[in-house]
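Chemist: Each residue of the sequence shown is one higher than the last, beginning at 0 in numbering that gives the first Met the number 0.
Even glycine gets a Cβ: it sits at the ideal position worked out from N, Cα and C.
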Amino acid sequence: MLKVSNRKCIRRLSDRSLKSSRNRNIIAVIAIALTTVLFTSLFTIGASINYSFQQQNFRQAGGDMHATFKNLTEQQLLELQDDPLAKETGTRLFIGMTNDEPPFNKSHIEISYMDENEAKHYFIEPAEGSLPREGTDEAATDTRVLALLGIEPKVGAKFTIPVGIDENTQDAKYVERTFTLSGWWEYDSAIVASNVILPRSAAEELCGLSTGAPQSQTGKWHLDMMFNNAFHIREKAEQVLANHGYQCSDPEADNYIAIGVNWGYSAAQFDAAADPMSVIAMIAMLLLIMFTGYLIIYNVFQISVTNDIRFYGLLKTIGTTGKQIRRMIRRQAFLLSLFGIPLGWIVGFALGVKLTPIIMEQTSNTGSFVSFNPLIFVGAAVFSLLTVRISCRKPGKMAARVSPVEAVRYTDAGVHLSKARCGKHAARKPSGARLPHMAWANLGRSRGKTVITVISLALAVVLMQMTYTFAIGFDMDKYLADKSAVDFIVGDASYFQTGAGFTSTNEAVPENVIADIDAVGGITESGRIYGQVSGVQEFVTEDWYRQSWGRWNTAEALDLMVQQTEHTDDGLLADRAQLYGMEDFPLSRITVLDGDLSDLSDPTKNAVAAVYTADDYGDPEEQSHWAKVGDTVHLRYVEELEYYYADTGEVIPADEVDAAYMGDRDIISRAKTYRDAEYTVVAAVLIPGSIDYRFYGADQFVMGAERFKQDTQTSSVMTYVFDTADDATDRMEAFLADYTENVQPLFDYESKKTYQAEFEGFRTMFLTLGSALSLIIGLVGVLNFLNAVLTGIITRRHEFAVLQAIGMTGTQLKRMLMLEGLYYAILALALSFALSVTLGPVIGTGCSTVFWFFSYRFTLLPFALLLPVFVLLGLAIPLITCRSAVRHTIVERLRTEE
Numbered sequence: 000m001l002k003v004s005n006r007k008c009i010r011r012l013s014d015r016s017l018k019s020s021r022n023r024n025i026i027a028v029i030a031i032a033l034t035t036v037l038f039t040s041l042f043t044i045g046a047s048i049n050y051s052f053q054q055q056n057f058r059q060a061g062g063d064m065h066a067t068f069k070n071l072t073e074q075q076l077l078e079l080q081d082d083p084l085a086k087e088t089g090t091r092l093f094i095g096m097t098n099d100e101p102p103f104n105k106s107h108i109e110i111s112y113m114d115e116n117e118a119k120h121y122f123i124e125p126a127e128g129s130l131p132r133e134g135t136d137e138a139a140t141d142t143r144v145l146a147l148l149g150i151e152p153k154v155g156a157k158f159t160i161p162v163g164i165d166e167n168t169q170d171a172k173y174v175e176r177t178f179t180l181s182g183w184w185e186y187d188s189a190i191v192a193s194n195v196i197l198p199r200s201a202a203e204e205l206c207g208l209s210t211g212a213p214q215s216q217t218g219k220w221h222l223d224m225m226f227n228n229a230f231h232i233r234e235k236a237e238q239v240l241a242n243h244g245y246q247c248s249d250p251e252a253d254n255y256i257a258i259g260v261n262w263g264y265s266a267a268q269f270d271a272a273a274d275p276m277s278v279i280a281m282i283a284m285l286l287l288i289m290f291t292g293y294l295i296i297y298n299v300f301q302i303s304v305t306n307d308i309r310f311y312g313l314l315k316t317i318g319t320t321g322k323q324i325r326r327m328i329r330r331q332a333f334l335l336s337l338f339g340i341p342l343g344w345i346v347g348f349a350l351g352v353k354l355t356p357i358i359m360e361q362t363s364n365t366g367s368f369v370s371f372n373p374l375i376f377v378g379a380a381v382f383s384l385l386t387v388r389i390s391c392r393k394p395g396k397m398a399a400r401v402s403p404v405e406a407v408r409y410t411d412a413g414v415h416l417s418k419a420r421c422g423k424h425a426a427r428k429p430s431g432a433r434l435p436h437m438a439w440a441n442l443g444r445s446r447g448k449t450v451i452t453v454i455s456l457a458l459a460v461v462l463m464q465m466t467y468t469f470a471i472g473f474d475m476d477k478y479l480a481d482k483s484a485v486d487f488i489v490g491d492a493s494y495f496q497t498g499a500g501f502t503s504t505n506e507a508v509p510e511n512v513i514a515d516i517d518a519v520g521g522i523t524e525s526g527r528i529y530g531q532v533s534g535v536q537e538f539v540t541e542d543w544y545r546q547s548w549g550r551w552n553t554a555e556a557l558d559l560m561v562q563q564t565e566h567t568d569d570g571l572l573a574d575r576a577q578l579y580g581m582e583d584f585p586l587s588r589i590t591v592l593d594g595d596l597s598d599l600s601d602p603t604k605n606a607v608a609a610v611y612t613a614d615d616y617g618d619p620e621e622q623s624h625w626a627k628v629g630d631t632v633h634l635r636y637v638e639e640l641e642y643y644y645a646d647t648g649e650v651i652p653a654d655e656v657d658a659a660y661m662g663d664r665d666i667i668s669r670a671k672t673y674r675d676a677e678y679t680v681v682a683a684v685l686i687p688g689s690i691d692y693r694f695y696g697a698d699q700f701v702m703g704a705e706r707f708k709q710d711t712q713t714s715s716v717m718t719y720v721f722d723t724a725d726d727a728t729d730r731m732e733a734f735l736a737d738y739t740e741n742v743q744p745l746f747d748y749e750s751k752k753t754y755q756a757e758f759e760g761f762r763t764m765f766l767t768l769g770s771a772l773s774l775i776i777g778l779v780g781v782l783n784f785l786n787a788v789l790t791g792i793i794t795r796r797h798e799f800a801v802l803q804a805i806g807m808t809g810t811q812l813k814r815m816l817m818l819e820g821l822y823y824a825i826l827a828l829a830l831s832f833a834l835s836v837t838l839g840p841v842i843g844t845g846c847s848t849v850f851w852f853f854s855y856r857f858t859l860l861p862f863a864l865l866l867p868v869f870v871l872l873g874l875a876i877p878l879i880t881c882r883s884a885v886r887h888t889i890v891e892r893l894r895t896e897e
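(1) Do Thr466 and Ser773 count as a contact pair if the criterion is CB distance below 9 Å?
(2) From which residue to which residue does the alpha helix (DSSP H) around Phe862 run?
(3) When the Cα atoms are used, what is the spatial distance from Ala425 to Ala875?
(4) Could you check where the alpha helix (DSSP H) with Gln75 kicks off and where it finishes?
(5) When the Cα atoms are used, what is the spatial distance from Glu127 to Ser188?
(6) Taking only the alpha-carbon atoms, compute the straight-line gap between Ala283 and Pro101 and give it to the nearest angstrom.
(7) Quick test of your reading: Tyr823 and Leu456, contact by CB under 8 Å. State the CB separation rounded to the nearest angstrom.
(8) Looking at the unbroken beta strand (DSSP E) that takes in Pro198, where does it start and where does it end?
(9) Skipping 5 residues on each side, what residues in its chain have a beta carbon closer than 6 Å to that of His225?
(10) What span of residues does the alpha helix (DSSP H) with Asp515 cover, start to end?
(11) In this structure, how does DSSP classify Asp737 when only helix, strand and coil are distinguished?
(12) So is Ala138 buried or exposed if we call it buried at 16+ other beta carbons inside 10 Å?
(13) So which of Ser200, Gln496 and Val650 has the shortest CA-CA distance to Leu640?
(14) Return the bridge partner residues of Met96 from the DSSP annotation.
(15) With a cut-off of 8 Å on the beta carbons, I'd call Val610 and Phe700 a contact; round off their distance for me.
(16) Just mark Gly153 as buried or exposed, buried being the case when its beta carbon has 16 or more other beta carbons within 10 Å.
(17) How would you call Ile25, buried or exposed, if buried means at least 16 neighbouring beta carbons within 10 angstroms?
(18) Would you report the Cα separation of Val539 and Asp574, rounded to the nearest angstrom?
(19) What do you get for Lys671, buried or exposed, if any count of 16 or more other CB atoms within 10 angstroms of its CB means buried?
(20) Just verifying my parser: in three-state terms, what is the DSSP assignment at Phe38?
(21) Hey, Ser129 and Gly182: beta-carbon distance below 9 Å or not?
(22) What first and last residue would you give for the alpha helix (DSSP H) that runs through Ala653?
(23) Helix or strand or just coil, what does DSSP make of Thr553?
(24) How far does the beta strand (DSSP E) with Arg674 in it extend, from its first residue to its last?
(25) Count the other C-beta atoms from every protein chain shown that fall within 10 angstroms of the C-beta of Leu286, then say buried if there are 16 or more, exposed otherwise.
(26) What does the alpha-carbon distance come out to for the pair Gln546 and Ala556?
(27) Would DSSP call Gly688 helix, strand or coil?
(28) Under 6 Å Cβ to Cβ from Val591, same chain only, skipping five residues before and after it: list those, please.
(29) Suppose contacts are defined by Cβ-Cβ distances below 9 Å. Is Thr631 in contact with Ser623 by that definition?
(30) May I ask you to report which of helix, strand or coil DSSP gives Lys418?
(31) For the region 150-165 against the region 234-243, are there 3 or more C-beta pairs whose distance is under 8 Å?
(32) To the nearest angstrom, how far is it from the Cα of Lys482 to the Cα of Val461?
(33) With 16 as the cutoff for other CB atoms within 10 Å, does Gly580 come out buried or exposed?
(34) For the beta strand (DSSP E) containing Trp220, name the first residue and the last one.
(35) Quick check on the burial criterion: 16 or more other C-beta atoms within 10 angstroms. Buried or exposed for Cys8?
(36) Given 8 Å as the limit, is there contact between the region 518-537 and the region 747-755, that is, 3 or more CB pairs closer than that?
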């Protein structure tokens with residue numbers, strides 16, 4: 000076969016054909032742009048949310064280094080610092096924290112030395128001044144610390160701050176130091192801890208005051224390290240240790256060094272536990288967008304090829320091959336993409352930038368960041384081009400396969416002779432002369448076009464229906480049942496700090512504070528929750544002890560713990576326990592899984608309730624507690640401990656315990672003076688997270704308030720909880736806000752109103768996103784509908800001229816076309832209704848699995864709202880586009896088609 004160099008000719012033909020189809024080009028460019036808008040906005044939102052979460056997580060984690068090597072000596076620091084895997088490092092010498100006295104009781108403030116690189120990765124960049132200079136009394140800190148001290152942020156200002164030395168040890172003490180402010184930066188509320196940065200010389204002087212107790216953090220170095228990427232961070236950190244003869248798996252070994260992986264990195268999180276559902280959801284979203292784009296782009300080119308079929312037939316007559324025709328159509332599609340994709344980039348990125356803050360406002364994060372990653376635009380372009388390529392494949396094949404004779408006779412209608420019209424039924428009365436039947440028959444002439452148009456319209460309705468169903472399915476009662484079991488909770492400020500919990504009488508709510516709150520009025524129900532401030536032990540089987548502690552310890556460490564733990568004669572092991580004492584009101588707010596709570600209110604009965612934990616969806620975990628209803632619990636109230644050496648059993652005198660801990664021998668404690676008591680488990684319960692200890696580290700039991708005070712011989716109120724009348728809620732909110740800020744700053748509160756606003760914001764976020772997506776896909780559907788009607792009218796101009804020539808009036812023609820549009824709308828609504836009824840319960844079940852506060856509710860409201868819109872579109876679009884077909888006389892239209 001003779002090869003002819005005709006690529007230039009084919010390109011010229013393709014370009015001129017492209018220029019001659021102005022209306023088609025506009026619709027195609029809009030279609031490609033809308034597809035790109037969906038991809039770009041999705042990638043922008045996804046990348047920006049990921050970037051925002053990372054930035055906020057970095058701040059919560061304290062920095063953006065990949066890994067941390069903790070509690071190092073200076074020699075270990077120097078060894079690890081030069082490892083070949085390290086791309087970048089930063090060092091920190093930790094001193095201590097401020098005390099928990101006002102004004103620092105509601106803040107977490109750490110005092111340390113950091114090198115310049117470490118400070119940068121801790122987001123410490125002074126807005127004014129600089130980091131402290133070596134050999135001076137300078138220090139740098141943020142505006143929050145300065146505000147707490149009442150110091151104006153001005154370089155050169157003097158401030159005095161208490162510095163904790165050997166905190167959480169027997170030798171804990173606080174020393175005051177006065178510094179000169181060398182620089183300050185704005186406080187970031189996302190960062191858990193504020194920092195006071197000292198020069199190394201001042202830090203080493205303060206660390207010299209430490210006794211060197213093994214448990215003390217004072218004087219410990221920390222090395223933060225960056226690797227070449229954020230994947231497999233833990234494995235790389237472990238390799239760094241192995242390179243220098245260290246390990247992080249056995250805390251008892253001499254070569255043990257603890258490591259931490261920065262959980263702020265999404266790559267690290269994804270690498271640690273890739274959630275299959277998340278991956279499936281992302282793939283499903285991409286496929287949905289591709290399908291949406293395919294619906295319109297395919298339809299545009301399918302109709303275009305149908306309209307130009309005679310042109311392609313003539314090209315086949317003069318020798319153009321099918322391959323060349325397919326190449327022409329692809330070239331036109333890609334040329335149109337050059338205009339559609341940039342337009343989609345601009346609109347999609349702008350949409351993503353607008354929607355990202357809306358999403359981020361409903362998260363626990365305090366800010367949003369927009370990602371300008373070039374991969375957003377590259378990915379959107381690649382997926383859009385892939386969609387375009389797939390969409391024009393079938394129309395290209397159709398144009399390539401048509402013969403010249405078929406092209407001349409093509410009328411955009413297949414001949415479908417129904418079997419019902421054959422044989423003995425052939426003489427049946429025809430109904431084609433009626434306009435409704437003619438309009439319905441016209442929809443069946445090009446069934447593929449009709450199906451695509453109806454699906455694209457229905458898809459928007461289904462998405463809107465699912466979005467609305469999803470949003471109204473969020474159940475505020477379920478949400479608040481866990482988030483806020485009562486209207487108000489008042490406690491020590493430290494109780495509301497992350498992981499702080501309740502540990503001492505100093506954190507108790509005094510009766511005068513409760514009296515002040517009661518005096519405000521409007522309280523309908525109230526009660527005290529007493530917290531444990533003394534040592535309490537329970538006795539459990541070895542199997543349960545291993546199950547409880549095995550989550551946090553290696554097998555070797557666990558064996559040692561079992562060996563060193565006190566055993567009873569019947570083989571039970573002593574373990575710590577946590578107790579609640581609850582008055583009747585808080586007791587009424589806990590969930591009873593089994594049994595009955597009435598005995599807890601009777602102080603003469605030795606009754607307790609075993610506290611179980613729930614998973615993320617509120618379902619109780621059966622293996623979270625050993626005690627069942629009817630079991631007997633042996634509790635020991637420890638009044639005094641004695642300490643002894645693990646290797647010899649020699650008891651250590653009380654005045655020598657601190658010195659003994661400085662040595663190398665293992666030391667164990669046991670109860671010396673105590674009171675034992677036995678209780679019957681009368682119920683298994685779940686305690687709402689808002690009123691529990693807010694940390695979990697031991698088996699928990701609930702007692703009645705009077706029994707708790709009687710047996711523990713303590714009466715420390717952990718929290719005071721209460722409900723208010725609706726008309727008193729705002730008054731109480733205002734009172735507590737002022738009271739805990741100005742009158743009793745040691746205390747803080749939480750209210751149900753905060754969680755209600757959080758819930759509404761969460762629901763609004765999904766409504767906004769779903770509506771935006773439905774709107775864009777709705778535009779695709781309307782554009783598809785417009786294109787189908789417009790090109791159908793253009794293609795059938797000759798047919799319309801013939802119909803009018805034999806007597807059809809212009810009014811009848813318009814009525815027939817309006818009926819066609821109305822049928823499109825009705826079919827789309829019928830299909831969307833069927834899909835919603837079928838898919839709704841399935842999606843509802845899936846949502847209930849993911850969101851524990853979701854309850855599926857079917858509603859027809861979106862259909863009721865969209866019905867008039869679709870009817871209006873179905874009637875208006877054909878009426879408007881009909882003008883293009885009848886602007887010339889009947890004779891002119893007949894001659895043009897000839």
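Modeler: Answer, in terms of the structure:
(1) yes
(2) Leu860 to Thr880
(3) Because the pLDDT of Ala425 is 46, which lies under 50, any placement of that residue in the model is unreliable, and the question is left without a value.
(4) Glu73 to Gln80
(5) 19 Å
(6) 53 Å
(7) 7 Å
(8) Neither: Pro198 is in no beta strand (DSSP E) and is coded neither H nor E.
(9) Correcting the residue identity first, residue 225 is Met in this sequence and not His. Met64, His65, Lys86 and Glu87.
(10) Glu510 to Val519
(11) helix
(12) buried
(13) Val650
(14) Glu109
(15) 6 Å
(16) Per the sequence shown, the amino acid found at residue 153 is Lys instead of Gly. Per the 10 Å Cβ criterion, exposed.
(17) exposed
(18) 7 Å
(19) exposed
(20) helix
(21) yes
(22) Ala653 -> no alpha helix (DSSP H), and no H or E assigned at all.
(23) coil
(24) Ile666 to Leu685
(25) exposed
(26) 13 Å
(27) helix
(28) Ala682 and Val684
(29) no
(30) Unreliable positioning characterises Lys418 in this predicted model, as indicated by a pLDDT of 44, which lies under 50. The coordinate reading is nonetheless provided below. In this structure, Lys418 counts as helix in the three-state DSSP scheme.
(31) no
(32) 32 Å
(33) buried
(34) Trp220 to Met225
(35) exposed
(36) no
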